[in-house]
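A.B. asks:
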Amino acid sequence: MLIWPTPKPAVLTAITILTEAFGEYAFVSAKLPAGQRPDRFVRVSRTGGGQDNIVTDTARILIECFAKDVGQAEAMCATTVAALRNASGTTVTTTSGEVFVRFWDNDTIVDFPHPDLIDYERWQVSGDLSLKT
Amino acid sequence: MSSIRVKLHNRGFYQLRSAPSVVADLERRGRRVLDAANRTMPGRDGYAMSSFQGKKKPQGRWFVQVYTRSNHAKRSNAKHNTLVSALEQAR
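As they're listed, the protein sequences go chains A and B. Every letter in the first sequence is one number past the one before it in the numbering used here, and letter 106, counting from 1, is 109. Every letter in the second sequence is one number past the one before it in the numbering used here, and letter 3, counting from 1, is 21.
#1: Report the residue ranges of all beta strand (DSSP E) runs contained in full by the region 42 to 90 of chain A; include only those spanning at least 3 residues, in chain order.
#2: Just how far apart, CA to CA, sit B:D63 and B:Y85?
#3: What's the call for B:I22, buried or exposed, on a 16-neighbour Cβ count within 10 Å?
#4: So the candidates are B:Q33, B:N95, B:L34 and B:R35; which of them puts its Cα closest to the Cα of B:A66?
#5: Starting from the Cα of B:F70, find the closest Cα among B:E106, B:R35, B:G30 and B:S103 and give me that residue.
#6: Return yes when the Cβ of A:D72 is within less than 8 Å of the Cβ of A:A124, no when it is not.
#7: Sort A:I20, A:T93, A:V58 and A:R105 by Cα distance to A:L5 and report the nearest one.
#8: Considering only the alpha carbon of each residue, which of A:N109, A:D119 and A:F103 lies closest to A:L134?
#9: Does the distance from the CB of A:F106 to the CB of A:S91 come in under 8 Å?
#10: For the region 74 to 101 of chain B, list every residue whose C-beta sits within 7 Å of some C-beta in chain A, in sequence order.
Take a look at the structure:
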């Protein structure tokens, strides 16, 4: 009988990679910061993807980078892509255990302002984060 | 040794891209995206779909587009990234 392993948490893995990449520069979370928002923050969510085979879970990940000006938001997207690409082939230690990142691929960057957060610029990246199950 | 010559029939590629089965598959995927997007706004049908063949030059690819057709849908999509999330339905 084939036993399918439980996939590793993709959003948590992306948050861990990006938290390390941004450090103090920007707050990284799965939710928008409530109350007094920092000047720069990043929201990570999953928009799709799945486990196509027994050894790999490929999650479609959306990363929204918020900053007070376009230059910062765009640079944050570039940092995001570089951090996720450089995580390929490495083991990331998350709060729920170790996760092996196979690759980050098919990314697109777009300038897409948020209608409610009018004093922020939002640039976002979406791509496929492939993890060993 | 005989040489193999390959001759591409561009008109054939153009016709293949507009073949009924190809168009039907693309439209089926587009409709799934459309339905997923419209489910986020019950009773409003804020999203619509178009289906057409692109210009013969360069390639004449078939396009299916799902787009916002009301200001409410535009705002909702910008806030919730509805179309980005619904795109998964095209797989």
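Ideal Cβ placement from N, Cα and C applies to all residues, glycine included.
C.D. replies: If we stick to the structure as given:
#1: 44 to 53 and 59 to 70
#2: Here residue 63 of chain B is taken as the residue at index 45 of the second sequence, counted from 1. Here residue 85 of chain B is taken as the residue at index 67 of the second sequence, counted from 1. Going by the C-alpha atoms only, they are around 11 Å apart.
#3: Counted from its first residue, the second sequence places residue 22 of chain B at position 4. Counting of Cβ neighbours within 10 angstroms places B:I22 among the exposed residues, the total staying below 16.
#4: Stepping through the second sequence from its first residue, residue 66 of chain B is reached at position 48. The shortest C-alpha separation from B:A66 is found at B:N95.
#5: Position 52 of the second sequence, counting from 1, holds the residue named residue 70 of chain B. The shortest Cα separation from B:F70 among B:E106, B:R35, B:G30 and B:S103 belongs to B:R35.
#6: Residue 124 of chain A sits at position 121 when you count from the first residue of the first sequence. Residue 72 of chain A sits at position 69 when you count from the first residue of the first sequence. The amino acid occupying residue 124 of chain A in the given sequence is Glu; Ala does not appear at that position. Taking 8 Å as the cut-off, the beta carbon of A:E124 is found closer than this to the beta carbon of A:D72.
#7: For the purposes of this step, residue 5 of chain A is identified with residue 2 of the first sequence, where counting begins at 1. Out of A:I20, A:T93, A:V58 and A:R105, A:V58 has the C-alpha closest to the C-alpha of A:L5.
#8: As a first step, residue 134 of chain A is located in the first sequence; it is residue number 131 there, counting from the start. Residue A:F103 holds the alpha-carbon nearest to the alpha-carbon of A:L134 among A:N109, A:D119 and A:F103.
#9: As a first step, residue 106 of chain A must be located in the first sequence, where it is residue number 103. As a first step, residue 91 of chain A must be located in the first sequence, where it is residue number 88. Remark: C-beta atoms of A:F106 and A:S91 approach each other more closely than 8 Å.
#10: Within the region 74 to 101 of chain B, the residues whose Cβ lies closer than 7 Å to some Cβ of chain A are R93, A96, K97 and N99, listed in chain order.
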